[in-house]
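**Student:** Quick one: structure below, then a few questions.
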């Protein structure tokens with residue numbers, strides 16, 4: 038009888054672990070822009086890509102263009118909140134506090150492109166992103182993107198990078214010089230004009246932050262282009278930020 042009980046206990050534990058392993062990642066795709074400032078036309082393309090990835094990889098993806106989503110009850114439903122080309126000052130004090138609490142409880146953050154041009158006055162957010170947007174060249178240019186730390190889980194799905202057309206951001210900080218950050222991709226400033234970061238120009242990175250995880254990529258100005266690694270990069274970043 039004891040043996041049978043032990044077997045049943047083991048089977049139950051395995052069943053629970055399997056169910057947990059198969060639990061869907063839940064993502065909130067958030068895109069809001071402060072009124073009166075530049076609105077990226079690729080926001081909807083980025084959200085469409087996220088929804089496509091959700092169907093392919095078995096995630097649940099909800100979409101919001103409304104900052105009222107940033108309350109404790111709503112945020113607690115998600116493994117990852119993805120700022121898809123958000124721009125400007127978009128959250129009030131209560132919403133900022135709710136998001137900080139979400140991250141401190143183990144939540145995940147993913148930011149694309151102008152997520153680094155968001156909430157310049159919110160110090161906590163700036164430390165999470167790593168570096169704010171500083172400048173970009175006047176025109177989109179093809180440049181060489183180079184993978185780093187290929188064994189990092191956020192890079193697990195990426196094969197090759199290569200040349201890509203993008204609006205290349207320079208940032209107020211080089212995250213390689215900040216504690217805890219892992220650089221995942223750089224752009225070679227020798228392959229385009231107008232960069233301001235020199236020989237070491239990180240463009241994607243990740244770190245654990247204040248109880249949660251944060252992944253940022255400078256890609257996203259041209260989400261509509263069909264470059265093979267863009268989807269893989271975003272998928273890897275989301276799954277890593279979710280704790281997978």
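In our numbering, the protein residues as written are 38 to 281.
From the three backbone atoms N, C-alpha and C, an ideal C-beta is built for every residue, glycine too.
From a predicted model like this one, the values you see are computed outputs, not experimental measurements.
1. Are the Cβ atoms of residue 157 and residue 169 separated by less than 8 Å?
2. Would you tell me roughly how many angstroms separate the C-alpha atoms of residue 252 and residue 266, rounded to the nearest one?
3. In this structure, does DSSP put residue 222 in helix, strand or coil?
4. Quick test of the definition: if touching needs 3 or more C-beta pairs under 8 Å, does the segment 166–186 touch the segment 229–243?
5. Kindly identify the DSSP beta-bridge partner or partners of residue 182.
6. What do you get for residue 281, buried or exposed, if any count of 16 or more other CB atoms within 10 angstroms of its CB means buried?
7. Specify whether the segment 83–99 and the segment 124–142 touch according to this definition: at least 3 beta carbon pairs, one from each stretch, less than 8 Å apart.
8. Less than 8 Å between the C-beta atoms of residue 273 and residue 191, yes or no?
9. What whole-angstrom Cβ distance do residue 117 and residue 62 have, given they're in contact under 8 Å?
10. Please classify residue 176: does DSSP put it in a helix, a strand, or coil?
11. Whole beta strand (DSSP E) runs in the segment 131–164 with 3 or more residues, listed along the chain?
12. Nearest CA to the CA of residue 143: which residue from 246, 276, 225?
13. Less than 7 Å between the CB of residue 247 and some heavy atom of the ligand ADP, yes or no?
14. In angstroms, rounded to a whole number, what distance separates the CA positions of residue 277 and residue 207?
15. Can you find the residues in the same chain that come closer than 7 Å, C-beta to C-beta, to residue 248, ignoring five residues on each side of it along the sequence?
16. Let me confirm a value: residue 215 is counted as buried when at least 16 other C-beta atoms fall within 10 Å, else exposed. Which label applies?
17. Give the straight-line distance between the Cα atoms of residue 155 and residue 148, rounded to the nearest whole angstrom.
18. In this structure, how does DSSP classify residue 170 when only helix, strand and coil are distinguished?
19. From which residue to which residue does the alpha helix (DSSP H) around residue 88 run?
**Tutor:** Judging by the given coordinates:
1. yes
2. 16 Å
3. strand
4. yes
5. 199, 224
6. exposed
7. no
8. yes
9. 7 Å
10. coil
11. 145–149
12. 246
13. As far as ligands go, the structure on display features none, and thus does not contain the ligand ADP.
14. 25 Å
15. 140, 141, 142, 143
16. exposed
17. 10 Å
18. strand
19. 80–94
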